[in-house]
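Q: Keeping their order, the protein sequence lines are chains A and B.
Quick note on numbering: our numbering labels position 5 of the first sequence as -10, and the sequence is numbered without any gaps.
Quick note on numbering: our numbering labels position 18 of the second sequence as 81, and the sequence is numbered without any gaps.
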Amino acid sequence: MNVPTLMIALQCGFAGGVSVPASPASSAAPTLVQQIKDPSSGLEVRVFVGGKADVSIEVGDRSVQIQKQLVRGAAVTHLTTSTERLTLTVTGRQATLDGTLGRVVASSAQPGSREALRSRLKRSSAVNRAIALLGRLDLGPRSPLGHALLATRVMLLTETGDERGAGEMSRWVQNAQQALAVTPVAYQQMLPGDCWNEYAKEAIATWKELEDCLRDVKWYEILEELACGTIYDLRAIGAFSWYLKCTAIRS
Amino acid sequence: MRAAIVVLQILISFVLVAVTMPALMIFVPAAQDSALGPGLAFGLLVGVFIILRVLWPRRRTP
């Protein structure tokens, strides 16, 4: 091997060595942590953790694929249709649209940029399809995933200048409050027969426990016998007390 | 004093029945039935209490 060839080989090796440590972190495969089917639309919602995004939520149908990601504090929404491919990145300061419709950066510091973004998003068929698809989902007021997807729909509605988003979010909050308010907290009503059946189960379990406890105890192991007997007594008395309390006449 | 003795007798009856019932349910499976079991338990409770009342040592009057 001559010197120039050796130098080229070393440079390739060095370049490979430098690039290798960076690759596992950036290309770590996201892990699927949740996969649920929306009952109202039948669409499958998948949640991934890891990879380039902290969290990634995916949902879609034949018309549009939606991918909502949280990447280092930024909400990144990817919309893909057969004709469009958009990425809308929203941070605390600005919103950036990138993709087949061009690149627009909107912020309050740039007058007119919000309107430019709004008109661009309004024209997008991917955005309109995504809004419609997310509106079909209903994961219930207790689902954090449903809330995240609703927030995405509200964000898209707001960015396109549609004011329905605020109302939808308000209704969701009201439903969530009502769902919490109607949570049953009363004790289950038991009939006297149920009380006896429960007591019988406990009493039989108590006796079986005594048998198991005494099985390997030798006749001279008085303390072990005493312990088994004490446990049995306490458990049996407790069970019978519970039964009397269960059948007691209450006001 | 008499009331305290009655309470003590009731408590002893309760404990005796409570520790007897599991064994009774194992050896007499019909006692597990909710139609028979409660009556048996309360009958036993009353029976033990009466036996205790009868057998309870009394102070002899001089």
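Heads up, the beta-carbon is just placed ideally off N, CA and C, and yes, glycines get one too.
All of these numbers come straight from a predicted model, not from anything done at the bench.
Please name the residue or residues paired with residue 91(A) in a DSSP beta bridge.
A: Here residue 91(A) refers to the residue found at position 106 when the first sequence is read from its first residue. Paired residue(s): 80(A).
Q: For residue 70(A), report the span of its beta strand (DSSP E) as first-last.
A: Counting from one through the first sequence, the residue named residue 70(A) turns up at place 85. 70 to 75 is the extent of the beta strand (DSSP E) around residue 70(A).
Q: Please check if any C-beta of chain B sits within less than 8 Å of the C-beta of residue 236(A).
A: Locating residue 236(A) in the first sequence gives position 251, where the first residue counts as 1. For residue 236(A), the pLDDT reaches just 47, beneath the cut-off of 50, and the residue's location in the model is therefore unreliable, although a value from the coordinates is still provided. For residue 236(A), the answer is no, since every Cβ of chain B falls outside 8 Å of its Cβ.
Q: The beta strand (DSSP E) with residue 29(A) in it runs from where to where?
A: In the first sequence, the residue the question calls residue 29(A) occupies position 44. First-last of the beta strand (DSSP E) with residue 29(A): 29 to 35.
Q: Express the C-alpha separation of residue 77(B) and residue 187(A) in angstroms, rounding to a whole number.
A: Numbered from its first residue, the first sequence carries residue 187(A) at position 202. Numbered from its first residue, the second sequence carries residue 77(B) at position 14. One C-alpha to the other measures close to 17 Å.
Q: Can you give me the C-alpha to C-alpha distance between residue 218(A) and residue 122(B), rounded to a whole angstrom?
A: Translated into the one-based positions of the first sequence, residue 218(A) becomes position 233. Translated into the one-based positions of the second sequence, residue 122(B) becomes position 59. Between residue 218(A) and residue 122(B), the C-alpha separation is close to 31 Å.
Q: Out of 43(A), 48(A), 80(A) and 128(A), point me to the one whose CA is closest to residue 58(A)'s CA.
A: Counting from one through the first sequence, the residue named residue 58(A) turns up at place 73. The shortest C-alpha separation from residue 58(A) is found at 80(A).
Q: In terms of residue numbering, what span does the beta strand (DSSP E) encompassing residue 176(A) cover?
A: Residue mapping note: residue 176(A) aligns to position 191 of the first sequence, counting from 1. Premise fails: residue 176(A) is in no beta strand (DSSP E) and is neither H nor E.
Q: Closest to residue 223(A) by CA distance: which of 67(B), 84(B) and 70(B) is it?
A: Taking the first sequence and counting its residues from 1, the one referred to as residue 223(A) is at position 238. It is 84(B) whose Cα lies nearest to the Cα of residue 223(A).
Q: Under 8 Å between C-beta atoms, does residue 97(B) make it to chain A?
A: Walking along the second sequence from the start, residue 97(B) turns up at place 34. Yes, residue 97(B) counts as interfacial toward chain A.
Q: Residues of chain B with CB under 8 Å from residue 42(A), in chain order?
A: Looking up residue 42(A) in the first sequence gives position 57. Here the premise fails: no neighbours, minimum Cβ distance about 52 Å.
Q: Can you tell me the Cα-Cα spacing of residue 127(A) and residue 161(A), whole angstroms?
A: The residue you call residue 127(A) lines up with position 142 of the first sequence. The residue you call residue 161(A) lines up with position 176 of the first sequence. Taking the straight line joining both Cα atoms gives about 6 Å.
Q: Taking one C-beta from the segment 77 to 95 of chain A and one from the segment 145 to 162 of chain A each time, how about it: are there three or more such pairs within less than 8 Å?
A: In short, these stretches do not touch, since the Cβ pair count stays below three.
Q: Leaving aside the five residues before and after residue 54(A) along the sequence, list all residues of the same chain whose C-beta is less than 6 Å from its C-beta, in chain order.
A: Taking the first residue of the first sequence as position 1, residue 54(A) is located at position 69. Answer for residue 54(A): 38, 41 and 61, listed in chain order.
Q: With distances taken Cα to Cα, identify the nearest neighbour of residue 178(A) among 79(B), 96(B) and 72(B).
A: To locate residue 178(A), count along the first sequence from 1; it is residue 193. Of 79(B), 96(B) and 72(B), the residue nearest in Cα terms is 96(B).
Q: Would you mind reading off the limits of the beta strand (DSSP E) that contains residue 290(A)?
A: Nothing can be reported for residue 290(A), as the shown portion of chain A is limited to -14 through 236.
Q: Which same chain residues, not among the five before or five after residue 87(B), have their C-beta less than 6 Å away from its C-beta?
A: Position 24 of the second sequence, counted from the first residue, corresponds to residue 87(B). The answer, listed in chain order, is 94.
Q: What in chain B is Cβ-close to residue 182(A), meaning under 7 Å?
A: Within the first sequence, the letter at position 197 stands for residue 182(A). In chain order: 97.
Q: Using 10 angstroms around the beta-carbon of residue 228(A), count the other beta-carbons present and answer buried if the total reaches 16, otherwise exposed.
A: Here residue 228(A) corresponds to residue number 243 of the first sequence, with the count starting at 1. That one is buried.
Q: Write down the C-beta distance between residue 123(A) and residue 46(A) rounded to the nearest angstrom, noting that I regard them as a contact closer than 8 Å.
A: Counting from one through the first sequence, the residue named residue 123(A) turns up at place 138. Counting from one through the first sequence, the residue named residue 46(A) turns up at place 61. Actually they are not in contact, since the Cβ atoms of residue 123(A) and residue 46(A) sit about 15 Å apart, beyond 8 Å.
Q: Go ahead and label residue 109(A) buried or exposed: buried means 16 or more other beta carbons lie within 10 angstroms of its beta carbon, across all protein chains shown.
A: To locate residue 109(A), count along the first sequence from 1; it is residue 124. Residue 109(A) is buried by the Cβ-count criterion.
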